[in-house]
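Residue numbers (full-length UniProt numbering): 1 to 316.
Have a look at the structure below before the remarks.
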């Protein structure tokens, strides 16, 4: 909302321009004593073949100009344009946007209606539904997870079969609707107090060995020391076997997939300083039906067999 001073400044500027246009039209529309004759301005070019005349403007052009000025006055009285004056029509761009958005949503709901309340795995078998889900994903989710859904550092890859919060259809839908808050506490001081200055690097060495302990633990004294610390501190969330717990979002450390990276320095930073990841809820933004469509699309990325089976059945 502009201040009163700025409002009056804008009103004065607009009014001055309108009055100026009217005065200019009135001043130039009539001939006055002393004006040169229409055919005699003494302006010649090209050895007299081209002559500038001083004839009055056509009546139709003058009338059209007056109509334009009158229209501008009416427009500024009906629509906002004079400072903070809202106009007698009370039109606002925000209300117009809300109206158009409501109309668009109504049309979209007709498209989404057949999928309302359907199970995720059933929707995932429908090629048209997957296309709708992909469009919603690209508009809403691709900013973090990428258009290919393969994620980035700190953003999960959705095309594999690794799910920190569970990969069942209902769990994927719950993640989309309500979001997730992943917290890895910082354990640097605790571990150092228990195992000395090398405790964090020892635990990192053990965690790196978990995907293939039979080979990676051999002659790895740091990993051997880290195992005891892991079982005393980390197993509460990740389990003694490092398989994780999907009910609290604790990742499986044995699958060789690392959200933030698997090099020693990155793992030590994660263990010492912790991590905090947030998946925002999309219930209010998408609504349940659109959330079902995007959840079905995401679930289908790591469950391609239903789609292939449906396609094969259609060919028969």
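Beta carbons are placed, not taken as given, at the ideal position from N, Cα and C, and that holds for glycine.
Keep in mind the model is a prediction, meaning the values are calculated, not measured.
Nonlocal neighbours in the same chain, by C-beta distance under 6 Å from residue i, ignoring five residues either side
| i | result |
| --- | --- |
| residue 15 | none |
| residue 257 | 162 |
| residue 309 | No answer about residue 309 holds up, because its pLDDT of 45 lies below 50 and its placement is not dependable. |
| residue 276 | 183 |
| residue 25 | 65 |
| residue 22 | 69 |
| residue 279 | 179 and 180 |
| residue 216 | 209 |
| residue 120 | 169, 173, 295, 296 and 299 |
| residue 93 | none |
| residue 231 | 240 |
| residue 242 | 210, 253 and 254 |
| residue 106 | none |
Check whether residue i and residue j have beta carbons under 8 Å apart
| i | j | result |
| --- | --- | --- |
| residue 226 | residue 202 | yes |
| residue 83 | residue 10 | yes |
| residue 136 | residue 286 | yes |
| residue 267 | residue 204 | yes |
| residue 159 | residue 149 | yes |
| residue 99 | residue 91 | no |
| residue 269 | residue 229 | no |
| residue 147 | residue 138 | yes |
Status (buried if at least 16 other CB within 10 Å, exposed otherwise) for residue i
| i | result |
| --- | --- |
| residue 252 | buried |
| residue 116 | exposed |
| residue 304 | exposed |
| residue 319 | The structure shown does not extend to residue 319, since the chain is modelled only from 1 through 316, so no value can be given for it. |
| residue 67 | exposed |
| residue 19 | exposed |
| residue 1 | exposed |
| residue 206 | buried |
| residue 13 | exposed |
| residue 4 | exposed |
| residue 114 | exposed |
| residue 156 | buried |
| residue 196 | exposed |
| residue 97 | exposed |
| residue 126 | buried |
| residue 6 | exposed |
| residue 111 | exposed |
| residue 128 | exposed |
| residue 311 | Its pLDDT being 41, under 50, residue 311 is placed unreliably by the model, and nothing is read from it. |
Cβ shell of residue i (< 7 Å), same chain only, five flanking positions each side left out
| i | result |
| --- | --- |
| residue 176 | 282, 291, 294 and 295 |
| residue 186 | 272, 273 and 274 |
| residue 165 | 171, 175, 180, 246 and 249 |
| residue 316 | Note on residue 316: pLDDT 33, under 50, position unreliable in the model; the coordinate value appears next. Nothing meets the Cβ criterion. |
| residue 17 | none |
| residue 238 | 244, 250 and 253 |
| residue 133 | 293, 294, 296 and 297 |
| residue 313 | Caution applies to residue 313, whose pLDDT of 42 falls short of 50 and renders its modelled position unreliable; the value that the coordinates give is listed next. Once the five neighbours on either side are set aside, residue 313 has no close Cβ partner at all. |
Start and end residues, beta strand (DSSP E) containing residue i
| i | result |
| --- | --- |
| residue 182 | 180–184 |
Start and end residues, alpha helix (DSSP H) containing residue i
| i | result |
| --- | --- |
| residue 3 | Careful: residue 3 lies outside any alpha helix (DSSP H) and carries neither H nor E. |
| residue 134 | 127–140 |
| residue 123 | 120–124 |
Close Cβ partners of residue i (< 8 Å) along its chain, the five nearest in sequence each way excluded
| i | result |
| --- | --- |
| residue 29 | 56, 57 and 62 |
| residue 124 | 130, 169, 296, 297, 299, 300, 303, 306 and 307 |
| residue 255 | 162 and 211 |
| residue 77 | 87 and 88 |
| residue 143 | none |
| residue 8 | 83 |
| residue 223 | 202, 205, 206, 208, 209, 216 and 217 |
| residue 192 | 199 and 200 |
Counting only runs that start and end within the stretch 186–228, where is the alpha helix (DSSP H) found for 4 or more residues in a row? 188–195, 199–209 and 213–216
May I have a chain-ordered list of the alpha helix (DSSP H) segments no shorter than 4 residues that lie completely inside the UniProt domain "Cytochrome c" (221–302)? 221–229, 235–238, 264–273 and 283–301
Runs of alpha helix (DSSP H) wholly within the stretch 45–106 (minimum 4 residues, chain order): 59–78
Pick out the complete alpha helix (DSSP H) segments inside the stretch 150–183, 4 residues or longer, and give them in chain order. 169–178
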